[in-house]
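Chemist: If you count by our numbering, then the sequence shown holds residues 2 to 88, one letter each, in order.
Dropping a structure here in structure tokens format, bear with me for questions.
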Amino acid sequence: MVTDFYRVRAAQQLHGHSRVLFLSPQHVVVAQYELSLPEELPYQLVQNTLFFGQALAKGRQYQQRIDDLPLSLCVEPNNCYLKAALK
Numbered sequence: 002m003v004t005d006f007y008r009v010r011a012a013q014q015l016h017g018h019s020r021v022l023f024l025s026p027q028h029v030v031v032a033q034y035e036l037s038l039p040e041e042l043p044y045q046l047v048q049n050t051l052f053f054g055q056a057l058a059k060g061r062q063y064q065q066r067i068d069d070l071p072l073s074l075c076v077e078p079n080n081c082y083l084k085a086a087l088k
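Listed below in structure tokens is the structure:
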């Protein structure tokens, strides 16, 4: 698993993009989730569990178990992102 935040210039403004990528042992991307904010990226992966919310106020944290690649990645209980199509 790799997290990625990058910026793209559109006219005079920068737009940020956050992604969570899952790679095969051959380093090929097998799943991608595009998130809205860099604060939504997981900050830790321990024993197939992703931890979210390190930058959130009041210490709110959320965990999602990843045994198989899920259809959606949830950064909070009601805030999920569908797996993006690979290009």
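All residues carry an ideal CB built from backbone N, CA and C; glycine is no exception.
Quick caveat, the model's predicted, so the values are computed rather than measured.
(1) My assumption, with CB atoms under 8 Å, is that LYS84 sits in contact with TYR34. Please give the rounded CB distance.
(2) Give me, in chain order, the residues of the same chain whose beta-carbon lies closer than 6 Å to that of GLU31; leave out the 5 immediate sequence neighbours on both sides.
(3) When the Cα of GLY17 is compared with those of LEU42, ASP69 and THR50, which residue comes out closest?
(4) Straight-line CA distance for ALA12 to VAL3?
(5) Measure the C-alpha to C-alpha separation of GLN14 and LEU70 and round it to an integer number of angstroms.
(6) If I'm right that LEU74 touches TYR82 with Cβ under 8 Å, what's the distance once you round it to whole angstroms?
Modeler: Result, derived from the coordinates:
(1) 6 Å
(2) Strictly speaking, residue 31 in this sequence is Val, with Glu absent from that position. The answer, listed in chain order, is PHE23 and SER25.
(3) LEU42
(4) 29 Å
(5) 34 Å
(6) 5 Å
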